[in-house]
Amino acid sequence: MPGQPRYLWLADLLREPILTGEVGPGSRLPSRSRLARTHGVSEQVSRHALRLLVSEGLVEARPGSGYFVRPVPTVHRFSRTDRSSGSGVDPLRTGEAEIATVQADNGVARRLALRDGEAVFRSRRLGTADGRPIALHTAWEPARLTAGTLRTPADADPGTGVLDRLTAAGISIDRVVEEVGVRPLREPEAAALGLAPGLPVLVVERTHFSGRRPVETSDLVGSTEHCRLVYRLSLARPQRKRP
């Protein structure tokens, strides 16, 4: 491409065989000096090209060894059209939820239309695959909704979704709103997922409403490499016009 920086041109040459599988996972790429000699560029150009491929997640740098093609990460798809409106961590394996009564911080209070410091039930569940943590689901709901009943997150039967549990408590959920984004990973999320704080992660904020009142809100936090969201939307068929 006319005017294209040389390092982008070189990165394109290296990227294509990686994406097509011609250069497979674990393959070692030529050194910076060898790339420079082969393609008639400076080592600075080859260094920038390799660093670009590292930033794209296609290549990893191993100190003292060079640059290697990264294995293709396993992708887990999360259905966001489930009827139970549960944690949304399926199809990952999940352990027992960690449930506690805490004070709502400013962000949670705003999402649930509560006063700062009001008591909420917080539930945390870690989703794993092949023994590796992939996603963390954290949910909050006002404690006053079910406190003193057998419908709290701690008292409900295992596997009971929030829809069934709150419906049994006399609270009808009629709307769910999701907001999807990417943000830096926070502590203690980083500790739970075994990732470095500050890495970009996929975040799904889901809030359940009863009328105009938010009754539960949650965050699904997952690695951008391993997590995909699947939405299946039904479309109304256009009516045929009569001749």
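Start counting the sequence shown at 384; every next residue gets the next number (this note's numbering).
From the three backbone atoms N, C-alpha and C, an ideal C-beta is built for every residue, glycine too.
The model shown is predicted, which means the values in this text are computed figures rather than measured ones.
Query, Result
"Could you tell me if Glu562 is buried or exposed, where buried requires 16 or more neighbouring beta carbons within 10 angstroms of its beta carbon?", "exposed"
"Let me check one thing: in DSSP terms, what residues is Ala492 bridge-paired to?", "According to DSSP, which records beta bridges pairwise, Ala492 is partnered with nothing at all."
"Report the three-state DSSP secondary structure of Tyr450 (helix, strand or coil).", "strand"
"Only counting the same chain, and skipping five residues up and downstream in sequence, which positions put a Cβ closer than 6 Å to that of Arg507?", "Glu481, Thr521"
"From Thr550, Leu435, Ile401, Arg476, pick the residue whose C-alpha is nearest to that of Gly514; which is it?", "Arg476"
"Taking the CB atoms as reference points, tell me whether Glu599 and Glu524 lie closer together than 8 Å.", "yes"
"Quick one, which of Arg463, Leu616, Thr421, Gly409 has its alpha-carbon nearest Arg589's?", "Arg463"
"Please report the straight-line C-alpha distance between Arg415 and Gly564, rounded to a whole angstrom.", "36 Å"
"Excluding five sequence neighbours on each side, which residues of the same chain lie with their C-beta closer than 6 Å to the C-beta of Ala551?", "Arg534"
"Taking DSSP as the reference, what is the three-state secondary structure of Ile556?", "coil"
"Pull up the distance between the alpha-carbon of Arg596 and that of Leu495, whole angstroms please.", "8 Å"
"Which residue wins for smallest C-alpha separation from Ala526, given the options Gly449, His431, Ala537?", "Ala537"
"Can you name the start and end residues of the beta strand (DSSP E) that Glu524 belongs to?", "515 to 525"
"When the distance is taken between beta carbons, is Arg569 closer than 8 Å to Pro583?", "no"
"Quick one: what's got a C-beta closer than 7 Å to Tyr614's C-beta in the same chain, skipping five residues either side?", "Arg463, Thr464"
"Any contact between the region 384 to 403 and the region 428 to 447? By contact I mean 3 or more CB pairs, one from each, below 8 Å.", "yes"
"Is the Cβ of Ala551 closer than 8 Å to any Cβ of chain C?", "This model lacks chain C altogether; it includes just one protein chain."
"Between which two residues does the alpha helix (DSSP H) harbouring Asp395 extend?", "389 to 403"
"Is Leu528 helix, strand or coil by DSSP?", "helix"
"Taking 8 Å as the threshold (C-beta atoms), are Val452 and Pro408 in contact?", "yes"
"Since His591 is in the beta strand (DSSP E), which residue starts that stretch and which ends it?", "583 to 593"
"Pull up the distance between the alpha-carbon of Ser448 and that of Gly605, whole angstroms please.", "30 Å"
"Buried or exposed: where does Ser601 fall if 16 or more other Cβ atoms within 10 Å of its Cβ makes it buried?", "buried"
"Roughly how many angstroms separate the alpha carbons of Val503 and Arg548, rounded to a whole number?", "16 Å"
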